[in-house]
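> To convert, take the position in the sequence shown, counting from 1, and add 192; that gives my numbering.
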Amino acid sequence: MQTIEIMEKTFQAESGDVALYLAMSKKAADEGDNDTARYFYNVAMDEARHAAEFAILLGKVKDTR
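The following block contains the structure:
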């Protein structure tokens, strides 16, 4: 497998993880467990940052001007 393919798969995985952790955060909040909700939210944001780095490296983000 080529490096770009690995990076693309990693980007996809990290992106999917964001949704999963946000769903877990929402579920915990709905159940009244705010500490766990906050924990899962923070994990989701970490995964989002990872995905963002891969998006930039893969050229998915063009000039924002």
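The C-beta atom is built at its ideal place from N, Cα and C for all residues, glycine as well. As the structure is a computational prediction, the values presented were derived from the model and not from experiment.
If you run the structure through DSSP and keep just helix, strand and coil, what is E223?
E223 falls in the coil class under three-state DSSP.
> Roughly how many angstroms separate the alpha carbons of E197 and F203, rounded to a whole number?
10 Å
> CA-CA distance, D227 and Y233?
10 Å
> Rounded to whole angstroms, what is the Cα-Cα separation between H242 and K219?
23 Å
> By DSSP, does D238 sit in helix, in strand, or in coil?
helix
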